[in-house]
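Chemist: Below is the structure I would like to discuss, written out as structure tokens.
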Amino acid sequence: MTRPIRWELFAQQYDQMMKYATAIRTHTASTEAILRRFMKANAANPTYQAMIELGRVQKSIFLCRYLRSRELQREINSGLNVGESWNGANSVIYYGKSAEIASNRRDEQEMSVLCLRICQAALVYVNVLMIQDIPTTPNGTVCSPPRMNAA
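So that you can map any letter, position 18 of the sequence shown is 18 in my numbering, and since no number is skipped, the others follow by simple counting.
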């Protein structure tokens, strides 16, 4: 944080912020449409600036919670590890062009991502089938393969 939160923006723009939040919640306007309006008109819009400040407040609250809670730190680290594992698998599955989507066309990008997701789902399905084939004893423990006796 480079400067203190400007709380006065909330007081000045509260009604407008509630109007936009209500529009999003009741689905009378999409988040994208509202953001597009702010970006097209002017990023210096006072309501937009108040929403940016609100984001800074939420970020500050989260950082305080994160620094205070070891459990939250472990949970986030665990989630990051899962995400990194998926990203590593993606680079193996989607090996062409250094595992990057090379097209600028939205329809081609979407097709690439959908194909990648189909491959991911297929790999998960194959893994589930392989795990189901692992023999278990009646009490549920996994049978270990027979040992080879050294001669």
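By construction, the Cβ of each residue, glycine as well, lies at the ideal position given by its N, Cα and C atoms.
(1) Going by beta-carbon coordinates alone, are residue 101 and residue 85 separated by less than 8 Å?
(2) Contact check, residue 72 vs residue 65 under 8 Å by CB: the rounded distance?
(3) Does DSSP classify residue 141 as helix, strand or coil?
(4) Could you check if residue 48 is buried or exposed, using at least 16 other CB atoms within 10 Å of its CB as the buried criterion?
(5) So within the stretch 68-128, which uninterrupted alpha helix (DSSP H) runs reach at least 4 residues, ignoring any that extend past its ends?
(6) Name the residue from 108, 89, 11 whose alpha carbon lies nearest to the alpha carbon of residue 121.
(7) Is residue 2 helix, strand or coil when you go by DSSP?
Modeler: So, from the data block:
(1) No; because the gap between Cβ atoms is not below 8 Å, this pair is not in contact.
(2) Correct: roughly 6 Å between the Cβ atoms.
(3) Three-state DSSP puts residue 141 in coil, outside helix and strand.
(4) Buried.
(5) Within the stretch 68-128, the complete alpha helix (DSSP H) segments of 4 residues or longer fall at 70-93, listed in chain order.
(6) The candidate whose alpha carbon is nearest that of residue 121 is 89.
(7) If DSSP states are grouped into helix, strand and coil, residue 2 belongs with coil.
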